[in-house]
Amino acid sequence: ALGFSECRISDVDLGQAPAHLRSWLAAGMHGSMHYMEEHADLRSAPALLQPGCVRAICVRLDYLPATYAWQEEDPSLPDPHWAHPHWQRLADPEAANVSLYAQGRDYHKVVRQRLQKLADIISKHLPHRYRVFSDSAPVMEVALATKAGLGWRGKHTLLLNREGGSLFFLGEILTDCPLPIDEPISEHCGSCRAC
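Numbering (the numbering used here), first residue to last: 7 to 201.
As structure tokens, this is what we get:
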């Protein structure tokens with residue numbers, strides 16, 4: 007009802023992700039992104055961002071939908087993802103391109119507003135303390151989304167989903183409400199290196 011493509015729940019134990027982050031930082035892989043190092047402790051412990059949290063409600067919001075208004079005008083078009091005008095423009099070396107995710111309203115605001123509505127709905131049925139996030143604080147969102155079963159981490163380091171590829175935004179609600187946990191899904195990359 008709020009437009010999310012999927013919503014799943016995980017606990018907030020990040021497993022080995024904080025250790026991998028520390029190794030990555032120690033190897034200098036973050037380059038000039040000094041904020042990664044400055045906020046490593048916050049990234050590693052969701053409870054530092056929302057005290058008492060025990061769950062992460064993780065959502066996916068696709069920014070390349072399965073159908074488009076232009077496709078409805080001509081249903082004979084091929085796979086809508088590849089028929090999208092953006093992909094067609096990429097074939098023209100003279101054309102300027104703006105990434106799809108940047109062509110709409112600021113996703114930080116869109117996802118956070120929708121997450122706030124979801125949190126408000128939950129609050130009517132289950133009072134809880136929470137905080138909403140959409141790339142707005144040092145949250146290990148891919149680790150949480152992977153654990154919740156929204157997808158798996160691809161070889162390009164982004165979250166991959168069988169329906170949405172990697173063309174989606176992530177958002178989280180850290181809550182103290184002990185909601186049932188969803189299962190992670192298996193990885194499906196295999197030997198593919200297309201990304």
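Every residue, glycine too, gets a C-beta built ideally from N, C-alpha and C.
Query: Look at residue 4 and residue 113 and say whether their C-beta atoms are less than 8 Å apart.; Result: Limits of the chain in this structure are 7 at one end and 201 at the other, which puts residue 4 out of reach.
Query: Leaving out five residues before and five after residue 122 in sequence, what residues of the same chain have Cβ atoms less than 6 Å from its Cβ?; Result: 138
Query: Just how far apart, CA to CA, sit residue 172 and residue 193?; Result: 14 Å
Query: Going by CA-CA distance only, name the one from 190, 174, 134, 105 that's closest to residue 57.; Result: 134
Query: Below 8 Å between beta carbons: does that hold for residue 66 and residue 156?; Result: yes
Query: Taking contact to mean 3 or more Cβ pairs, one atom from each stretch, closer than 8 Å, check whether the region 10-22 and the region 184-201 are in contact.; Result: yes
Query: Nearest to residue 177 by CA position, among 148, 40, 168, is which residue?; Result: 148
Query: Looking at the structure shown, is residue 163 part of a helix, part of a strand, or coil, going by DSSP?; Result: coil
Query: Buried or exposed: which applies to residue 163, given that a residue is buried once 16 or more other Cβ atoms fall within 10 Å of its Cβ?; Result: exposed
Query: Would residue 46 pass as a contact of residue 20 if the rule is Cβ separation under 8 Å?; Result: no
Query: Whose CA, out of 50, 108, 8, lies closest to the CA of residue 25?; Result: 50
Query: Roughly how many whole angstroms lie between the Cα atoms of residue 31 and residue 198?; Result: 27 Å
Query: Please classify residue 201: is it buried, with 16 or more other beta-carbons within 10 angstroms of its beta-carbon, or exposed?; Result: exposed
Query: Residue 111 and residue 103 look like a contact to me (Cβ under 8 Å); what is the Cβ gap, rounded to whole Å?; Result: That pair is no contact at about 19 Å.
Query: Hey, would you say residue 152 sits closer than 8 Å to residue 165, going by beta carbons?; Result: yes
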